[in-house]
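Residue numbers (this note's numbering): 43 to 156.
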């Protein structure tokens, strides 16, 4: 759980980590999340919109213009419709877990979901 965030499965980034922030206000679907996230990463147009595609491009790298280490800061995420919020939190938690499995820590990929 992220201290102070109340979101299970997400890791709190180290204080000095570069941050990529985006605003969830107005998101109505996971596709809105993927659009904002992939744009922030400088992902190519052909990048898939799934957690597996994110793991391939972020954890294994070499695809996006922006590579880790970084922290993802999702502003206004707490105000999302509860089912959508849980879906996005799950996507991010899977991404963080994949990074951990590859022996990368919170200083490599962290999430702040506000």
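Quick reminder that beta carbons are idealized off the backbone N, C-alpha and C, glycines included.
Presumed contact (8 Å Cβ cut-off) between residue i and residue j, rounded CB distance
| i | j | result |
| --- | --- | --- |
| residue 154 | residue 107 | Actually they are not in contact, since the Cβ atoms of residue 154 and residue 107 sit about 22 Å apart, beyond 8 Å. |
| residue 62 | residue 85 | Going by Cβ atoms, the distance from residue 62 to residue 85 rounds to 12 Å, so no, they are not a contact pair. |
| residue 73 | residue 91 | 6 Å |
| residue 144 | residue 101 | 6 Å |
Residue interval of the beta strand (DSSP E) (run including residue i)
| i | result |
| --- | --- |
| residue 93 | Where residue 93 is concerned, there is no enclosing beta strand (DSSP E), although the alpha helix (DSSP H) it sits in stretches over 93 to 96. |
| residue 113 | 112 to 117 |
Buried or exposed by the 16-neighbour rule on C-beta atoms within 10 Å, applied to residue i
| i | result |
| --- | --- |
| residue 141 | buried |
| residue 152 | buried |
| residue 49 | Because the pLDDT at residue 49 is just 46, under 50, the model does not fix this residue reliably, and the value given afterwards should be weighed accordingly. So residue 49 counts as buried. |
| residue 66 | buried |
| residue 103 | exposed |
| residue 119 | buried |
| residue 44 | Any reading at residue 44 needs caution, since the residue's pLDDT is 36, under 50, leaving its predicted position unreliable; the model's value is listed next. By the 10 Å Cβ count, residue 44 comes out buried. |
| residue 123 | exposed |
| residue 60 | exposed |
| residue 81 | exposed |
Start-to-end residues for the alpha helix (DSSP H) that takes in residue i
| i | result |
| --- | --- |
| residue 62 | Here residue 62 belongs to no alpha helix (DSSP H); instead the beta strand (DSSP E) covers 61 to 65. |
| residue 81 | 72 to 83 |
| residue 141 | 124 to 143 |
According to DSSP, residues forming a beta bridge with residue i
| i | result |
| --- | --- |
| residue 152 | 113 |
Any non-hydrogen atom of the ligand SAH closer than 7 Å to residue i Cβ
| i | result |
| --- | --- |
| residue 80 | With respect to small molecules bound, the structure shown includes none, and the ligand SAH cannot be examined in it. |
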